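For the sequence shown, my numbering begins at 6 and goes up steadily by one.
Just so you know, even glycine gets a beta-carbon here, dropped at the ideal spot from N, CA and C.
As the structure is a computational prediction, the values presented were derived from the model and not from experiment.
Following: one structure in C-alpha cells, then a few remarks.
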Amino acid sequence: TRTDTLFPYTTLFRSFGHYMGCVGDGLPNNDIKMIAVANNGNLWAQTSDGLSIRYASNGAWETESSGVVNCGSGNVTVGYGIDVIDLDVNKVNGDVYLAYADKIVKKQGNLLSCYPRNSGILNANINSVDISPDGLEMWVGTAMGASRYTESNGWNSYIDGNLGFANVVQVGFELVNGRYDSYRDWE
6 TRTDTLFPYT
16 TLFRSFGHYM
26 GCVGDGLPNN
36 DIKMIAVANN
46 GNLWAQTSDG
56 LSIRYASNGA
66 WETESSGVVN
76 CGSGNVTVGY
86 GIDVIDLDVN
96 KVNGDVYLAY
106 ADKIVKKQGN
116 LLSCYPRNSG
126 ILNANINSVD
136 ISPDGLEMWV
146 GTAMGASRYT
156 ESNGWNSYID
166 GNLGFANVVQ
176 VGFELVNGRY
186 DSYRDWE
C-alpha cells in the first residue's frame, strides 16, 4: 500500500488484479467512468450503464439501475447511468454520494436523499463531489466555485477572490502537517 501526502488513503490502493470479462461477472458495462473504494474494501464502479458495487467479502457484483428520490420539486427518478458526473464514498459510514449536473444524491443503503442546487450549492453546474476523511464534510466543485456542507452549519460557498468566478473541476483532501486540508483544483 502507498501512504504519502498525495495519496493518504491506503484503502484506495489495495491490490487489484487484472480484471477481464466484467460484463459477464455482473458489471453492466465495461466502460468504467469512475471508481471509489469504501473502508470495508467494497468497490463502487460507475459505468455508462449503471452504478455497481463489488463486495469485498465474496467478489460478487451487484448493479443498481435507478431509484426514486424527492429532490425539492417532487419525486425524481435518478438514473445511475451516464448522467452521473462524479462519485465518492464516505469512508466512515459507507454512504455513496453521486454528483449530477444540478444535484447531489446520497445513497444510504437503500435510502436516497437529495441536495438540489437550490439547497445551497453555489451553482447548478456541478463538477465533482468529495467527502472528507472524517466523513463530516461534503465538498462540491461547481462552475462558479466550491460549496461545503456540514450537518452542523449547512452550506457555505467559496469563490477565489483573485479569479472572480472560477470553475472548480475537482475538490479533494491532502495530508498536511498531520491533518487533512481540503484543496480545490481551479480552472
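Query raised in the report: Considering only C-alpha positions, which residue in the set Gln175, Thr155, Leu117 is nearest to serine 133?
Result: The closest CA to that of serine 133, considering only Gln175, Thr155, Leu117, is found on Gln175.
Requested in this report: Give the straight-line distance between the Cα atoms of tryptophan 49 and glutamate 67, rounded to the nearest whole angstrom.
Outcome: Distance between the alpha carbons of tryptophan 49 and glutamate 67: 10 angstroms.
Query - Coil, strand or helix - asparagine 130 by DSSP - result: Secondary structure at asparagine 130: coil, using DSSP grouped into helix, strand and coil.
Query - Span separating the alpha-carbon of glutamate 69 from that of lysine 112 - result: Cα to Cα, glutamate 69 sits roughly 11 angstroms from lysine 112.
Requested in this report: Pick out whichever of Ala41, Val73, Val74, Trp144 has its Cα sitting closest to the Cα of isoleucine 58.
Outcome: Of the candidates Ala41, Val73, Val74, Trp144, the one whose C-alpha sits nearest the C-alpha of isoleucine 58 is Ala41.
Query - Cutoff 6 angstroms; reference aspartate 9; Cβ partners in own chain excluding five residues on either side - result: For aspartate 9, the predicted model reports a pLDDT of 34, less than 50, meaning its position is unreliable; a value from the coordinates is still stated below. Within the same chain, and ignoring the five residues on either side of aspartate 9 in sequence, no residue has its Cβ closer than 6 angstroms to its Cβ.
**Report entry** Beta-carbon gap between glycine 46 and lysine 96 smaller than 9 angstroms
**Finding:** Cβ atoms of glycine 46 and lysine 96: not closer than 9 angstroms.
Query raised in the report: Assuming alanine 129 and aspartate 93 make a contact with CB atoms under 8 angstroms, what is their CB distance in whole Å?
Result: The pair is not a contact, with the Cβ atoms about 20 angstroms apart (cut-off 8 angstroms).
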